[in-house]
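Numbering (full-length UniProt numbering), first residue to last: 1 to 149.
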């Protein structure tokens, strides 16, 4: 019986909820996540000055141009910053702690908040070369993450 278990044991015995998916409201953000589903990472590239940008937006921060195209990223970069998460802010991540939340600077020059996987915490360092991977959430949603290159 569930009542016979300690509160900690009851919580551990309960099925973990599914990891939440991004829920973008804006069409340009929806397009970013839609493009991730093919197993590649895409960023906007300005049609006016050629600069890459992320987070997706309607105008270039450098030149103000509204013209852009979605271009495939190399998926290669380096760790720009990181922190080790010791407390899950959502119950679906409880089994993953501790984990590394990182900001990766891609070769294209954009920075992206992500998770670093398959890397011992004591091996994380600034400028660690990383490569794109995808974590499947639920049955069919691909979330971009990175692992050491």
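Where a beta carbon is used, it is the ideal one built from N, C-alpha and C, also for glycine.
Three or more Cβ pairs drawn from the segment 123-132 and the segment 65-82 lie within less than 8 Å of each other, which places the two stretches in contact. Here the alpha carbons of residue 16 and residue 105 stand approximately 32 Å from one another. If you draw a 10 Å sphere on the C-beta of residue 108, you find 16 or more other C-beta atoms in it, and that means buried. Spatial neighbours of residue 142 in its own chain (CB-CB distance under 7 Å, excluding positions within 5 residues in sequence) are listed in chain order as 36, 37, 39, 134 and 136. In the three-state DSSP reduction, residue 144 falls in the strand class (E or B). No alpha helix (DSSP H) of 4 residues or more sits fully in the UniProt domain "ChsH2 C-terminal OB-fold" (70-135).
Short of 7 Å from the beta carbon of residue 119, and not among the five residues preceding or following it, lie these beta carbons of its own chain, in chain order: 100, 147 and 148. For residue 110, the closest C-alpha among the options 56, 52, 91 and 18 is that of 52.
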